[in-house]
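Per this note's numbering, residue 6 is the first one in the sequence shown, and the count goes up by one each step.
Quick reminder that beta carbons are idealized off the backbone N, C-alpha and C, glycines included.
Predicted, not measured: the structure shown is a model, and the values here were computed from it.
Contents: one structure, followed by commentary.
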Amino acid sequence: MNFFIKKIWQGDIDETVHKKFTRFGKGIFTKRAIISLSRNNKIKLCSSFELVEDILLFCFNIAKKAKVAGVVLAKQEINMPGLVQKKKTKNLIEYYLEGEINEEKIKELSKKAYFLLLDIFENDIKLKTKKRLPKPSRSGKEKIDDKFCQLEANIKFWPQFKEEFFFDVAEFKKARASHTFEINALVLPADKKDFEQLRLEAKRKGKIIRELEIDTKKEYHEKNFIA
């Protein structure tokens, strides 16, 4: 299980879930973690930027190893074969990665990186990801890129995709989910004084509203969380 929304719903909140919220302070953030999933002769999936890493790791759960190419963003230097440093700013280091990598290595890289913006090139799975993160905004009124990540996969993987990303609904042909994050409190660590460390380690407390379009029906689910 990689989908952070599913982890929250099932009470399996870990460091990967916490990492999803470090970009956000208090407020209401609409149209987040958008994902569309459909099936015909192939599986087609599109998502906003928040789900790129969840989808990438899920693909490696299925494929076990794959050819990848793209950008790895990190807060600190990463020493790993195949990573080539391209740019370094005050807050981020940008690497380029190209080649074949297995599931164990991609999980290791995910733990060290801030964000993985990688494409996958395999016969049964093709993933295309944009290479620049959008800037965060409170309003939710800006144009949301719900095709930041696009995937096509063999139809034989449909049960796994459906159960991972639309775990809370019955069978369907086409579905879309959009989420609102209502963050009403930050739980600060008592032993930290540095502002950046406080921002990164503070837990966000609030509610997630999950808006679903399942074929021709609409559903709304809510879940309180602290992560």
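Item, Value
"So, are the CB atoms of Ala-71 and Phe-65 less than 8 Å apart?", "yes"
"Would Gln-155 and Cys-51 be called neighbours here (beta carbons separated by less than 8 Å)?", "yes"
"In terms of residue numbering, what span does the beta strand (DSSP E) encompassing Glu-187 cover?", "179-192"
"Please confirm whether Ala-232 and Phe-34 have their CB atoms less than 8 Å apart.", "no"
"Starting from the C-beta of Asp-220, find all residues in its chain whose C-beta is less than 8 Å away, skip the five residues before and the five after it, and write them out in chain order.", "Phe-177, Lys-178, Lys-179 and Ala-180"
"Please give the ranges of any alpha helix (DSSP H) in the region 53-131, keeping only runs that are unbroken, at least 4 residues long and fully inside the region.", "57-68 and 108-117"
"How many angstroms separate the CA atom of Glu-218 from the CA atom of Ala-182?", "6 Å"
"If contacts are defined as beta-carbon pairs under 8 Å, then Ala-118 and Ile-83 qualify, I think. What distance do you get, rounded to the angstrom?", "7 Å"
"What do you reckon, are the CB atoms on Phe-120 and Leu-78 nearer than 8 Å?", "yes"
"Enumerate in chain order the residues of its own chain whose CB-to-CB distance from Glu-20 is below 7 Å, with the five nearest sequence positions on each side excluded.", "none"
"Closest to Lys-116 by C-alpha separation, out of Lys-131, Met-85, Ile-130 and Lys-198, would be which residue?", "Met-85"
"Going by Cα to Cα distance, which pick from Lys-80, Ala-175, Trp-14 and Gly-32 is closest to Tyr-100?", "Lys-80"
"Taking the alpha carbon of Leu-122 as the point to measure from, which residue in Lys-133, Glu-113 and Leu-191 has its own alpha carbon closest?", "Lys-133"
"Between Asn-107, Lys-198, Phe-230 and Lys-161, which lies nearest to Gly-211 when the distance is taken from Cα to Cα?", "Phe-230"
"What are the boundary residues of the beta strand (DSSP E) that Leu-138 is part of?", "Taken as a continuous stretch (DSSP letters only), Leu-138 belongs to no beta strand (DSSP E), as it is neither H nor E."
"For Glu-157 versus Lys-49, is the C-beta distance shorter than 8 Å?", "yes"
"From what residue to what residue does the beta strand (DSSP E) around Lys-267 run?", "Residue 267 lies beyond the residue range present for the chain, which begins at 6 and ends at 232; the question has no answer from this structure."
"Return the first residue and the last residue of the beta strand (DSSP E) that Gln-155 is part of.", "154-159"
"Just list the residues that DSSP pairs Gly-32 with in beta bridges.", "Ile-188"
"Mind checking which residues open and close the alpha helix (DSSP H) that includes Lys-167?", "163-170"
"Quick check on the DSSP output: the alpha helix (DSSP H) that includes Phe-9 runs from which residue to which?", "9-14"
"Which same chain residues, not among the five before or five after Leu-138, have their C-beta less than 8 Å away from its C-beta?", "Phe-54, Leu-78, Phe-120 and Leu-122"
"Report the residue from Arg-209, Phe-153, Glu-224 and Val-22 whose alpha carbon sits nearest the alpha carbon of Arg-215.", "Glu-224"
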